[in-house]
Amino acid sequence: MFKPQKKKIIKKAKNKKKMKKMLFQSPKGMHDILPEEQSYWEKIRKVSREIADFYNFSRIDTPILETAEIFERSIGETTDIVEKQMFILKTKSGDRLALRPEGTAPIIRAYLQHGLSRTGHPLKLYYNGPMFRYEKPQAGRYRQFNQIGFEIIGSDDDPIFDAQIILVTYQLIKELKIKDLTIQINSIGCKNCRSTYQKKLQNYYNKLGLNKICKDCQRRLMINPLRLLDCKDKNCEEFKEQAPIILDNLCNSCNNHFKVTLEFIDELKLPYNLNPTLVRGLDYYNKTVFEIFTEGVEVAIASGGRYDYLTEMLGGRKIAAVGSGLGIERIVELMKDREIVVPPAKSKPKAFLIHIGEPAKKQSLGLIEEFRKGGIKIIESLGRDSLKSQLRIADKEKVFFALILGQKEVFEESIIIRDMRSGAQETVPIRKAVEEVKRRLK
RNA sequence: GUGCUCGUAGCUCAAUGGCAGAGCUCUCGGUUGUGGUCCGAGCGGUUGCCGGUUCGAAUCCGGUCGAGCACCCCA
0 MFKPQKKKII KKAKNKKKMK KMLFQSPKGM HDILPEEQSY WEKIRKVSRE IADFYNFSRI
60 DTPILETAEI FERSIGETTD IVEKQMFILK TKSGDRLALR PEGTAPIIRA YLQHGLSRTG
120 HPLKLYYNGP MFRYEKPQAG RYRQFNQIGF EIIGSDDDPI FDAQIILVTY QLIKELKIKD
180 LTIQINSIGC KNCRSTYQKK LQNYYNKLGL NKICKDCQRR LMINPLRLLD CKDKNCEEFK
240 EQAPIILDNL CNSCNNHFKV TLEFIDELKL PYNLNPTLVR GLDYYNKTVF EIFTEGVEVA
300 IASGGRYDYL TEMLGGRKIA AVGSGLGIER IVELMKDREI VVPPAKSKPK AFLIHIGEPA
360 KKQSLGLIEE FRKGGIKIIE SLGRDSLKSQ LRIADKEKVF FALILGQKEV FEESIIIRDM
420 RSGAQETVPI RKAVEEVKRR LK
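Numbering that gives the first Met the number 0 applies: residue 0 is where the first sequence begins, and numbers increase by one.
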């Protein structure tokens, strides 16, 4: 009777110890953005702000959680995103909310909810924020990832906006010094010609016989025939080559739309490839679809397309729109790999305040405020008391001047200004400290 | 979701069944209040976690968590 109890107690104690020691990890596929990589993120934010501003896109932020149905209706019930990749939660009152897996549908929801059509057409919006997909992580593929997106809503389906979206997206990447870009582009038609084409494609594969194509293709044939063109299986390749091509099956209006879009892009001399197998995974796309790649990287760094039916899918009247999205993590990885230099996220300090003794320490915070008023960034190491340690830090921070405030200086109401490069020092009245440093910085 | 590879100090890596180590980083010191170089010391680990085999496990086995690769899919 005693033994089991004893064992239990030991086990409990062990657990307690373990609990104390256990370190937590960030959730699978979700990452911290540490101070040392913030410079890349800041650079991307800055450039995207500037690009958006120039092309007159207004910033919009939508909640991270949305009614799950928004995505089910727009992205498509049979897509992987909706079928297995959404983080869904139920609130206490029973609402089904989803962590947004993409940015476009929420923006259209906001557009309809707030009647943003009143602000005139076309409405140009951009966003930057986290998206969530429950997937098996890999390099460049995370469960929480950040996207920048551009949307042009309204103004019918004028192909010039297809071209402008592509241009803006392309310029953003180019502005970040990422080279060797190519745009893959295709048109997947409208409701009418797409479904005609899908039937044609299904017929073609059915005639071939199911046993000739891979298992994935058999599944695709049933649920999403356009995806057949995406198959990378070697056996399927030859059938793909013979398969009907969507560009040959577009209706007159879609064909013309695509032709004009390409003319605009030709005019801009953007490097693009016609890719008739490019179809995109989301249901709301129609007509133009595109992806932007860089040499040596398998995955797209940006993608987008036209979505003229999305407003209707979300309960509004039909409003044509076109948009794009960029994967920030993928861009950051590229910038690191290619050793693209970016300015530091923090500004450089000009001076370092050193205190020796309690009276000096007491004056430190107040003195720093004087420098802030004077517009000079001054740093310190208030937790360190030895002069040597403080000078070491000042050196490491590469400041121009160290200001030394000791017992004697406090008594005399003065401060030492030390030029860190030459080592020359001068004692000046403390009232003139800011002014003196300012003068020397020139 | 399927198949495979990898997890040792904050970082880069040693130790391959027998005492867990090095370099870098970080902290402090090298005699009154003066940095970098140099020298010295210290901090940092129940080897991701749990279990099994064994006299003995970082090492072998199983599971699990995480990272990555190829699929699936995608930013």
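Glycine included, C-beta positions come from ideal geometry on N, C-alpha and C. On a predicted model such as this, the values are computed, not experimentally measured, just so you know.
Whole-angstrom distance between residue j and residue i, CA atom to CA atom
i: Lys437; j: Lys360; result: 23 Å
i: Ser385; j: Ile355; result: 7 Å
i: Lys13; j: Gly139; result: Because Lys13 carries a pLDDT of 36, less than 50, the predicted location of this residue cannot be relied on, and no value is offered for it.
i: Gln406; j: Glu357; result: 8 Å
i: Lys231; j: Ala299; result: 16 Å
i: Arg117; j: Ser25; result: 43 Å
i: Leu390; j: Phe399; result: 12 Å
i: Pro105; j: Thr61; result: 7 Å
i: Gly114; j: Ile172; result: 32 Å
i: Gly75; j: His30; result: 28 Å
i: Ala97; j: Ile32; result: 23 Å
i: Glu68; j: Arg95; result: 8 Å
i: Thr426; j: Ile403; result: 9 Å
i: Arg337; j: Gln424; result: 43 Å
For residue i, the residue or residues it bridges with in DSSP
i: Tyr196; result: According to DSSP, Tyr196 bridges with nothing at all.
i: Leu225; result: According to DSSP, which records beta bridges pairwise, Leu225 is partnered with nothing at all.
i: Lys317; result: According to DSSP, Lys317 bridges with nothing at all.
i: Tyr271; result: Ile182
i: Pro129; result: Asn145
i: His354; result: Leu404
i: Phe289; result: Ile184 and Gly303
i: Asp418; result: Phe400
i: Ser252; result: Paired residue(s): none; Ser252 is not in a bridge.
i: Ser323; result: Phe149 and Gly303
i: Lys89; result: Arg95
i: Gln217; result: BP columns for Gln217 are empty, so no partner.
Proximity below 7 Å, CB of residue i to CB of residue j
i: Pro343; j: Ser154; result: no
i: Lys376; j: Lys349; result: yes
i: Glu65; j: Val81; result: no
i: Gly373; j: Val433; result: yes
i: Tyr133; j: Gly102; result: no
i: Thr181; j: Asn274; result: no
i: Ile50; j: Ala162; result: no
i: Gly28; j: Pro136; result: yes
i: Asp156; j: Ala319; result: yes
i: Leu277; j: Gln183; result: yes
Best match in the options for proximity to residue i [C-alpha to C-alpha]
i: Pro428; options: Asp79, Glu411 and Ile87; result: Glu411
i: Asn248; options: Ile50, Lys190, Glu262 and Asp265; result: Lys190
i: Phe160; options: Pro121, Lys178 and Ile177; result: Pro121
i: Leu366; options: Val341, Ile414, Asp394 and Lys397; result: Ile414
i: Val288; options: Val298, Gly303 and Ala299; result: Gly303
i: Ser421; options: Val331, Glu408 and Lys397; result: Lys397
i: Pro100; options: Leu402, Leu180 and Ile87; result: Ile87
i: Val340; options: Asp31, Ile32 and Trp40; result: Trp40
i: Ile59; options: Arg44, Lys42, Arg108 and Leu124; result: Leu124
i: Ala401; options: Ile353, Thr78 and Ile63; result: Ile353
i: Glu290; options: Gln362, Gly128, Gly324 and Glu368; result: Gly324
i: Leu166; options: Lys347, Tyr283, Lys176 and Lys268; result: Lys268
Presumed contact (8 Å Cβ cut-off) between residue i and residue j, rounded CB distance
i: Gly326; j: Phe149; result: In fact, because the Cβ distance is near 14 Å, the residues do not count as touching under 8 Å.
i: Ile147; j: Ser47; result: 5 Å
i: Gln197; j: Leu209; result: About 17 Å separates the two Cβ atoms, so there is no contact after all.
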